[in-house]
Each structure stands twice: as structure tokens, then as C-alpha cells.
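One structure is given below, encoded as C-alpha cells.
Numbering (mature numbering (1 follows the signal peptide of the UniProt record, and there is no 0)), first residue to last: -23 to -1, 1 to 408.
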């Protein structure tokens, strides 16, 4: 049935109006010219002290005490990062987020926020190193919020991209890790590329892993009931709230209180350290000197977790006793401790199936993170445990509980914690 002439005329009249309105809306969904920018990585360095002894060049993007910067710890390898700390403070300023982690750029690199709403980091020759991938998606502005979250927003102030969803090694207050997401440590204090430790939002709650072959190994999880964490599942959220009428502040992870301070600690962050520890740094912006405090560390007697169970506490292969590194096990006995001297044996290039191709030396009365957080194979005779290690090129040795005949193949050695039980031993490959 044909439409009445009056209906057709009305449609012909209104269609251009709707088209104009749609076009106007689309035109509005771009970044205004006065909010676009382009920063070039060049010029003199800033003069204030920074974490990792980094040099930096500031950009006029931020909300106190957060500011976006170019920074580097290695010549001609720069990162776009968010720094935390005020200019007036005499305390060190800390780096809490990086855009191009693991992909540094050189001199002359550019950071551009264009009308299409895409934030792009490019080399001097135009090669794109990193971007938010938000071109033509309705972005109208960029902001650094008071909690340190960098956001790209639409005309309704909805977030189309936010740094809180792109994790590095830190969680700021209010930031979460959703299931399957993780923090990854720096490789070292001077090398900001991803390191060997991870803090993961797992099905059974937060867990911490160290890289190993063929798969990462846990060195802490919520099943450690000595901390009273229980089975907190789902997203991990770092929070701060006042108590006792504002007299004190609690810093919590999934409801578990990790630290209590006597000042507003909203300006805090949780960090997975290069050595695998978990720490909280809190910033008191009322003071200029010593504004930072480390208000929590996971591996400490205060939390009933000995630092001797931290994988790298005493180097690649070191003895730990009562929180102190006390020696380096060798085939000739225990020598004095030094980080350089306590090195793990090299991995073997080939492994024969004969089962008797490797030599071992024995260290008595020790445990490690491996025996604490993974199940040993048992009951297995020590000869069979040795044979399995011989056949595995990734195996650097094996832990063995003589009273239960449990066996753990060790692709990572690290710190060995001295214990009173002489039936808990480790055999280390020497050839």
C-alpha cells in the first residue's frame, strides 16, 4: 500500500533536518583544536630528583601531583610515563605508569593528540611505537584525573580509554586488576622492560609467579592462610579509606588491610618490585622532605612471610637464615655470601636419556618457595627423582623430602631457606 502524499511530504521535509543533526553530532565528536597537542622529545632535562636516577623532560599534561613526562635511564631510550610527586617537594618523584613499556623511543620522538582522538607515540621518522587506538571513536578530550588515571573521554564524559586498564608494575588507589590481568615487575632498577615476576588476578585469588620453563612457578598465593586472606576471588582492587573519624587511613587489597597510616594516604600505590616483593608507597603531600614512606612489604616478619622464601632474596643460588643471606652453596661446601658469587649453575645444552649423565652435590636442611607453593611428586625414590632431573634440560636440581619421598624438579633455584629438618635436602647439578 502506497504512503499517503502528506506522509511522503513530511518525510521529505524532515529527512534533511535529521541528516544535518547527525552531521553536526559527528562534527562535535572530535577533539577541539585548543585541546590537541604535539610534544617533541628534545631540549634540556629537568632538574629535580627522580626514581631510578632517571633524566626527564616534562610535558604540560597532568593534575598535581601527577604529570606526564619523557624519561630515560639508558641513553636514547625514552618512555612516556606518569610521574608522581610535586615540584616544590624535596623528596624523590616516582614513576607510576608507562605508555610504551618495553618499546623505548629515541630523541625527536613525538607524542600527538590529534582531532581524531587518537593519542600516538611515534619515532622521529614517524614509525608508531604506541597508541591508544581511539581514532574516530568519539573522543573529545584527554584528562589526568586526581587519582592518576589518564582518560580519553567522549562528549558525555564517558571513558573510551583509560590508563587504569593498561597495567604496568603498579596499582594506584582505586585501580583494579580484573580476572586474568596482571602486574609485571621491572627487569631491574635501571631496566624498565618487563621482568620475571608477575602478580595475577587468578581464579582462587591473587597469586604471584616467577618466570620459569616450561611454565611460571608460584611463590605466593591467597591459600597462604597465615596472612588471613582467604579465597578472595574476582577482580583485585587497591583501596584507601579513613577510619576513626579521619584520624587514620587504611590501605586495603580486596578488603584485606595491608597498612594503616596516620595521614591521608589516598596518594599511595601498590608495586610489584624488581626483586619480586610486593610493596606500598604512600605520599604525604603536606610535607616537602621525606614525603614518601614504604608502608607495606609482603615478605617481612610482620606479615609472617619470611623474606627467605622470596626467590631472588639471596641471588641465583644462596642460603638464607633469619632474614639474612648467609652463604653460597657450592660443590666444595658453603662459601661466604655475595650476590655475584651466589650464581645458579648454567643450563645444559643437551640432556641424555640414560639417566646417569649428571653429577650433583647435596645441601642439607633447606626449603624453597618451590616446595612451599607447589606439590611434590611422591612417593618417589631419590634415584628416580635424579633420573627425571637428568632428562630435563631445564632442571637445575631437585628438592627431596626424605621422610615422605617427595620430589620437586627445580627449573629455578634462587634462595634456599635454612630449616631445622635435616631430611629436607636439595641436590644441585654440578655437571
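Ideal Cβ positions, reconstructed from N, Cα and C, are used throughout, including at glycine.
Does residue i come out as helix, strand or coil in the three-state DSSP assignment?
{"i": "residue 281", "result": "coil"}
{"i": "residue 262", "result": "coil"}
{"i": "residue 10", "result": "helix"}
{"i": "residue 28", "result": "helix"}
{"i": "residue 391", "result": "strand"}
{"i": "residue 33", "result": "strand"}
{"i": "residue 286", "result": "helix"}
{"i": "residue 39", "result": "strand"}
{"i": "residue -1", "result": "Residue confidence for residue -1 is low, a pLDDT of 45 falling below 50, so the modelled location carries little weight; the figure read from the coordinates is stated next. If DSSP states are grouped into helix, strand and coil, residue -1 belongs with the helices."}
Who are the Cβ neighbours of residue i in its own chain at under 8 Å, not counting the five residues just before and after it?
{"i": "residue 406", "result": "322, 325, 335, 336, 337, 366, 372, 373 and 374"}
{"i": "residue 400", "result": "378, 379 and 380"}
{"i": "residue 397", "result": "342"}
{"i": "residue 85", "result": "17, 18, 19, 100 and 101"}
{"i": "residue 265", "result": "65, 66, 67 and 68"}
{"i": "residue 332", "result": "Per-residue confidence for residue 332 stands at a pLDDT of 49, beneath the threshold of 50, marking its modelled position as unreliable; the derived number appears in the next sentence. Contacts found: 363, 364, 367 and 368."}
{"i": "residue 218", "result": "226, 227 and 229"}
If you follow the beta strand (DSSP E) that residue i is in, where does it begin and where does it stop?
{"i": "residue 347", "result": "Taken as a continuous stretch (DSSP letters only), residue 347 belongs to no beta strand (DSSP E), being part of the alpha helix (DSSP H) at 346 to 350."}
{"i": "residue 216", "result": "213 to 220"}
{"i": "residue 432", "result": "Nothing can be reported for residue 432, as the shown portion of the chain is limited to -23 through 408."}
{"i": "residue 104", "result": "It is not in any beta strand (DSSP E) - residue 104 carries neither H nor E in the DSSP assignment."}
{"i": "residue 295", "result": "294 to 298"}
{"i": "residue 374", "result": "374 to 378"}
{"i": "residue 198", "result": "194 to 198"}
{"i": "residue 307", "result": "301 to 307"}
{"i": "residue 310", "result": "310 to 312"}
{"i": "residue 88", "result": "87 to 90"}
{"i": "residue 109", "result": "Careful: residue 109 lies outside any beta strand (DSSP E) and carries neither H nor E."}
{"i": "residue 63", "result": "First-last for residue 63: undefined, no H or E at that position."}
{"i": "residue 270", "result": "269 to 274"}
Starting from residue i and walking both ways along the alpha helix (DSSP H), at which residues does that stretch end?
{"i": "residue 361", "result": "359 to 367"}
Apart from the five residues just before and just after residue i, which ones in its own chain have a Cβ nearer than 6 Å to its Cβ?
{"i": "residue 408", "result": "336"}
{"i": "residue 26", "result": "69"}
{"i": "residue 164", "result": "170 and 172"}
{"i": "residue 167", "result": "50"}
Pull up the DSSP beta-bridge partners for residue i, would you.
{"i": "residue 58", "result": "46 and 75"}
{"i": "residue 246", "result": "149 and 258"}
{"i": "residue 175", "result": "161 and 186"}
{"i": "residue 228", "result": "217 and 236"}
{"i": "residue 386", "result": "375"}
{"i": "residue 402", "result": "341 and 377"}
{"i": "residue 116", "result": "For residue 116, which the question treats as bridged, DSSP gives no partner whatsoever."}
{"i": "residue 82", "result": "55"}
{"i": "residue 70", "result": "27"}
{"i": "residue 16", "result": "88"}
{"i": "residue 354", "result": "384"}
Looking at the C-beta of residue i, does it have a partner C-beta in chain C at a distance below 7 Å?
{"i": "residue 379", "result": "The structure shown has no chain C; it contains just one protein chain."}
For residue i, collect the residues of the same chain with a Cβ closer than 7 Å to its Cβ; drop the 5 residues on either side in sequence, then sort them by chain order.
{"i": "residue 359", "result": "377"}
{"i": "residue 382", "result": "355, 356, 357 and 358"}
{"i": "residue 35", "result": "23, 44 and 46"}
{"i": "residue 225", "result": "237, 238 and 239"}
{"i": "residue 187", "result": "173, 174, 193, 194, 196, 253, 288 and 389"}
{"i": "residue 417", "result": "There is simply no residue 417 to check, as the chain begins at -23 and stops at 408 in what is shown."}
{"i": "residue 241", "result": "226"}
Is residue i near the ligand GTP, in the sense that its beta carbon is under 6 Å from a heavy atom of that ligand?
{"i": "residue 336", "result": "Ligands in the displayed structure: none, and consequently the ligand GTP is not present."}
Which ranges does the beta strand (DSSP E) cover as unbroken runs of at least 3 residues, wholly within the region 122 to 172, from first to last along the chain?
Correct list: 127 to 130, 136 to 139, 147 to 149 and 159 to 163.
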